[in-house]
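Written below as structure tokens is the structure these notes are about.
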Amino acid sequence: MEKIEHSHVQVRGLKLHVAQIGTGPKVVLFLHGFPEIWYSWRHQMVAVANAGFRAVAFDFRGYGLSEQPSEPEKANFRDLVDDIVALLDSLGIDKVFVVGKDFGAVPAFMVSVIHPERVLGVITLGIPFLIPGPVGIQFDLLPKGFYILRWAEPGRAEADFGRFDVKTVVKKIYILFCRSELQVAGDNEEIMDLVDPSTPLPPWFTEEDLDAYATLYENSGFTTALQVPYRCSRMDYGVRDPKVTAPSLLIMGEKDYFMKFPGMEEYMRKGTVKQFMPNLDITFMPEGNHFVQEQLPEQVNELIISFLNKNCST
């Protein structure tokens with residue numbers, strides 16, 4: 001951790017917080033999910049740097065130590081795609097391997113479709129190929145009270161989260177999203193009520209880790225984080241006939257709640273996803289949950305580095 005260097009890079013009018021470790025022409029760009037941040041890649045960044053790659057992770061606009069957009073309620077996935085390309089330009093990076101986790105997989109896929117010349121390979125964790133719009137989550141099939149539907153309502157998550165300090169919110173979300181079942185609240189409860197306050201942190205997530213996340217979210221708040229992804233997921237970004245031709249890897253924990261999304265397990269196991277990613281390999285991790293890169297870092301690092309070495313011509 002002490003070798004990871006931090007800076008702010010001016011990107012499309014905002015100062016984005018960037019973490020880097022390693023040197024050389026072979027670059028891996030890590031894209032976080034929610035409630036994650038650059039820090040969620042701490043284990044992977046060090047491992048790929050030790051394997052000879054330059055690791056870059058950044059806090060998305062409005063997250064962590066990155067600046068807030070002037071109108072966070074208008075932020076969307078296209079902003080993230082444009083930020084990624086502009087960041088690579090600012091850092092003098094031509095091509096990268098992109099690694100995306102949770103909703104960070106969406107801009108990873110979108111960059112690979114819209115700017116294929118910039119992408120050497122794609123690894124995603126927890127989410128198979130999805131792009132908002134025609135190829136997206138079927139919201140009408142999700143159960144009433146599901147967290148995605150609740151958090152998409154302006155003001156609802158703000159009121160729910162606002163009952164607790166930021167550290168407690170992050171703790172509750174980590175505990176809740178470690179579970180293998182879908183997070184569905186009843187009519188008279190909110191999503192935060194689904195976690196008993198006495199529930200301990202998962203064994204692989206330390207108090208130090210919780211403090212690191214809490215400090216970053218205390219800085220940024222949740223305004224932009226609730227807009228992207230939850231309140232811009234139904235936008236149509238104009239991507240038609242999407243296809244990712246770069247070598248790809250999906251790492252999926254079999255105990256990841258995302259496996260319970262309507263049709264998702266069949267979409268992955270039957271290989272339907274390969275219609276969009278013809279060069280995709282899928283690895284299912286029997287004990288893996290939604291935070292597999294933090295839960296089982298050594299196994300995930302091995303999968304990532306093996307993929308990078310296999311597909312690296314430099």
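Under our numbering, the first residue of the sequence shown is numbered 1, with each subsequent residue one higher.
Yeah, the Cβ is synthetic: ideal placement off N, Cα and C, and Gly gets one too.
Annotation for V81: P107, M110, V111 and I114 place their beta carbon closer than 7 Å to its own, counting only its chain and skipping 5 residues before and after.
Looking only at T124, F177 and E181, the smallest Cα-Cα distance to P143 is reached by E181. In the three-state scheme derived from DSSP, where H, G and I count as helix and E and B as strand, K260 is classed as helix.
Beta-carbon to beta-carbon, P25 and Y213 are separated by about 32 Å, too far to satisfy the 8 Å threshold. Straight-line spacing of the CA atoms in P286 and S70 works out to 43 Å. DSSP, reduced to helix, strand and coil, places D241 outside both helices and strands of the structure shown, so it counts as coil.
By the C-beta density criterion, G64 is buried, having at least 16 other C-beta atoms within 10 angstroms. By a beta-carbon distance limit of 8 Å, G121 contacts N311. Their separation comes to about 5 Å. For a cut-off of 8 Å, the C-beta gap from V28 to L91 is around 13 Å, too long to register as a contact. Listed in chain order, the alpha helix (DSSP H) elements of length 4 or more contained wholly in the segment 176–244 are 207–220. In this structure, the beta-carbon distance from I282 to M252 falls below 8 Å. For L125, the closest C-alpha among the options E117, G145, F164 and G104 is that of G104.
When rounded, the separation of the alpha-carbon atoms in M45 and F307 is 15 Å.
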